[in-house]
Each structure stands twice: as C-alpha cells, then as structure tokens.
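In the working numbering, each residue carries its 1-based index in the sequence shown increased by 5.
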Amino acid sequence: MNSHLKIAAIICFLLDYMLDLKTKKQINSPPRVFFGFTKKKKLSFHAFYGCTFCYEKQEKTGPRCFNILSERIDERTVESTYQDARRAYEKKDEPREDKQHYKGVKGPSILMNLLYFDLINGFVVDYMHVILLGMIKSHMEYLFHSTKKQCWISMTDSIALRNLTDTIDSRLFRIQPPTGITRSPRSINDCCKWKASEWRSWLLFYCIPCLQSLLKDKYLVHLAMLSQATNILLQHFVSRAEIEEAHNLFLL
C-alpha cells in the first residue's frame, strides 16, 4: 500500500471513530490526552494543567498533582483552546519534552475537524477516575495512614489501627448487597486492589455504616457530603435544584 492509500485509510478510520464519539461523547481521563489535551511526562492526564474545563494549575505533592482552589479560575473555551493548540504546535520542536505544550494542551486535536462538536463541553466529567479511583481512594489512604490517628475516635497506636480495620471488616462483611451490585465486599486491608465498582459501592452504600462511631464526626460528615453529592449526580434525571445542591455539597 502506497503512502496516499495509507493516509486515506487513516482518515476513513478517524472519521468513523469521530462519528461514533459524536453519539457517545464519553472518554475517560487517561485516553483524553490522545485527543489533544493534558500532558506531563509520557502523556499523563494528571498534569499541572490537567483539567480539560478550566485553567487551574495544580500543585505537585509527591508523585501526584492536586487542585488547590484559592480563587475563581478562568474556564477553557473552544476559542482559547484553539489558541493554546496553536501555541503548543509552535513549541513542538523544543528539545525538552516538558516544554512541548502550552497550558496543558499538547497541540491540535483530531476532534477539531468534527463539525458542531464542542471541544470543551462536548466531554462529560469522568467520575470513575476523578472520584472513585482518585478522590475517594486517596481519601481512604489518607485516613488509614499510621500518622493520621487524630482522625479516629480513641486511636492511639498501631494495635488500635489493626483493631479498627478488623471492626470495619466485620461490619462490611455483614452487608448483603443486592443483585445489582455484582462484587461482594472485600476486606478494607485489600482496598489498594479494589476495582472502581468496589469504590463506587463503598462511597455510595458502605462507608457511612462501616465508619460510624469510628471516624470523628467532622470527617464522617465530610465523607457523607461527598457520597450524597455523587449519588445525586448519578441519577438518570437531575433537576437544576439538585445540581445546585450537589455543587454546594462539593464546596462545603
């Protein structure tokens, strides 16, 4: 196959793929980097400008980047993203890879050729990576860290921590999930191996009854607000008032 036929085949493939995306419009965080967005090192989605909706610059803590909200951040628009892509393309010959992007944009995206597609608002929020495998997993890792005894009621030493996980497990294993939840509860000691669906069950159904009277009230209420807000937004139909309620719960 000569080069012209190869190019034509690639274009046909991408057109079919983009038409399929036009109907689905859901791409999770890691693959979004393929479509012209965030970059850090080897196309990682947890970049310093990792949000595809705004220009907030994350702060690095260890191997991860976190959002630190201090003021209202400018939102990305289709026009500003086109300009960012143009600036990034001009930097493509930079010798350092970490300089070959602009405000998180790696360069032009194939989706820019898709008519009537909004490159910013055409994507939905990926709650699997952002909430389940991101926020709630990091939150539990934080709570169970040996230095975070102040988060728990009557926590004093490592022996108490082992007793704590045993108590949580005993409560967790007594839960009999309905048939709609396919995975049975696993030990909290194995939470680093939990799948996204297990974190979903933990956040929406298990965490409050399992942690009540163990976790201090202010931390339990904080977790309950996250659970309630996520539950609201996962409904098949969400009213404007419910969106406002979830928004306020996320900010409290």
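Backbone N, C-alpha and C fix where the C-beta goes; we use that ideal spot for every residue, glycine too.
In the DSSP assignment, Leu124 falls outside any alpha helix (DSSP H), carrying neither H nor E. Only residues of its own chain outside the window of five on either side were considered, and among them Lys153 have a CB closer than 7 Å to the CB of Tyr147, listed in chain order. Comparing alpha carbon positions, the residue from Glu247, Leu239, Gln181 closest to Val129 is Leu239. Distances from the alpha-carbon of Ser85 to those of Gln63, Asp98, Gly109 put Gly109 closest.
In the DSSP assignment, Phe255 falls within the alpha helix (DSSP H) that extends over 245-256. In the three-state scheme derived from DSSP, where H, G and I count as helix and E and B as strand, Val110 is classed as strand. The Cβ atoms of Ile237 and Pro214 do not sit closer than 9 Å to each other. Counting only the Cα atoms, Glu249 lies some 40 Å from Arg167. Inside the segment 152-229, DSSP marks whole alpha helix (DSSP H) runs of 4 or more residues at positions 163-179, 201-206, 212-216, from first to last along the chain.
DSSP places Glu80 in the strand class (E or B) of the three-state scheme. In the assembly as shown, Glu95 is an exposed residue. Its beta-carbon has fewer than 16 other beta-carbons within 10 Å. If you ignore the 5 residues before and after Thr170, its C-beta comes within less than 7 Å of the C-beta of Ile193, Asn194, all in its own chain and listed in chain order. Looking at the DSSP output, Cys59 bridges to Glu80. Per DSSP, reduced to three states, the secondary structure at Lys96 is coil, with no helix or strand assignment. In summary, Gly185 is exposed, with fewer than 16 beta-carbon neighbours lying within 10 Å of its beta-carbon over all protein chains present. Within the model, the alpha-carbon separation for Ile158 versus Gly139 is close to 26 Å. Residue state for Arg101 is assigned as coil, using DSSP reduced to three classes. The continuous stretches of alpha helix (DSSP H) do not include Leu116, and DSSP gives it neither H nor E. In the three-state scheme derived from DSSP, where H, G and I count as helix and E and B as strand, Asp131 is classed as coil. Around the C-beta of Glu99, fewer than 16 other C-beta atoms lie within 10 Å, and the residue is accordingly described as exposed. Non-local beta-carbon contacts of Lys221 in its own chain, meaning distances under 7 Å to residues more than five positions away in sequence, involve Cys156, Trp157, Ile158 in chain order.
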